[in-house]
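Right, one structure below, let's go through it.
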Amino acid sequence: MNYFELGKKDLQQVSKINQVLGRKQKLLIHACCAPCSTFPIEYLQQYFHITLYYTNSNIYPESEYQIRLNELVQYVEKLQGEGVEIDLVIPVYDNKEYTIWLSPRKNMREGQEACFACYKRRLEDTFRYAVEHHYEYVSTVMSISRQKNSRVLNELGDELSKVYPTVKFLHADFKKKGGQDRRDELSKDMYKQKYCGCVYSYMEYLQREENKKQEHV
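One rule links them: number in the working numbering = place in the sequence shown (from 1) + 1414.
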């Protein structure tokens, strides 16, 4: 399945409905960090009134969560100052509960089932908020990343849209057709994290750094 092309078809339908409504529809899009949000916002702002949803209790430690959030807040404020229709919602951060939930999957390789479960949990959080607050569309910026499985993200979106039928899922593969290069250009002065987020990816990151040090001893 070509999710970039499917996303284009979704946006054609969005444009038609916008014309009938006489306004942009509301999109709630999960945002993992500022750099990954740059190109998706630029690409989608002509179609939607965008709200970023920073549901990322997976991120450990809390100081790292806050660094990423601060970068995103600054970027949103910059865009708002430029006249972009965009908002940011920040739900409660609870890494302790999240890590307990994730712990049965701690021995799974990064990029596989543990990560897919994490995708689903954050995407479902986004769907729930969208339903409660009457958004028309839901999506996630994560398909911009080389490390994120776009097929799984879109399949999860389709699965959850059946559970929450009052909100539509916007398909996307933001990394395609130069999207990743544009993200890199837009985010060149932003903070770039060294690992995905959870405590297990953080421990793997620390081990990689230690291995690098040992190589130079």
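For every residue, glycine included, the Cβ atom is placed at its ideal position computed from N, Cα and C.
In or out: residue i buried (at least 16 other Cβ within 10 Å) or exposed?
| i | result |
| --- | --- |
| Asn1568 | buried |
| Glu1550 | buried |
| Met1617 | exposed |
| Val1490 | buried |
| Ile1662 | Residue coverage of the chain in this structure runs from 1415 to 1631, which leaves residue 1662 outside it and unanswerable. |
| Ser1429 | exposed |
| Val1434 | exposed |
| Lys1438 | buried |
| Ile1443 | buried |
Does the distance from the CB of residue i to the CB of residue j come in under 7 Å?
| i | j | result |
| --- | --- | --- |
| Tyr1474 | Val1613 | yes |
| Val1503 | Tyr1467 | yes |
| Ala1528 | Arg1536 | no |
| Cys1447 | Arg1482 | yes |
| Ser1471 | Asp1508 | yes |
| Ser1557 | Asp1587 | yes |
For the beta strand (DSSP E) containing residue i, list its first residue and its last residue.
| i | result |
| --- | --- |
| Asp1501 | Ile1500 to Val1503 |
| Ile1464 | Phe1462 to Tyr1467 |
| Ile1443 | Gln1439 to His1444 |
Please name the residue or residues paired with residue i in a DSSP beta bridge.
| i | result |
| --- | --- |
| Lys1626 | Beta-bridge pairing links Lys1626 to no other residue. |
| Lys1582 | Tyr1551 |
What residue range does the alpha helix (DSSP H) around residue i cover?
| i | result |
| --- | --- |
| Glu1419 | Tyr1417 to Leu1435 |
Our contact map puts residue i next to residue j with C-beta atoms below 8 Å; I'd like the distance itself, whole angstroms only.
| i | j | result |
| --- | --- | --- |
| Val1555 | Ala1445 | 5 Å |
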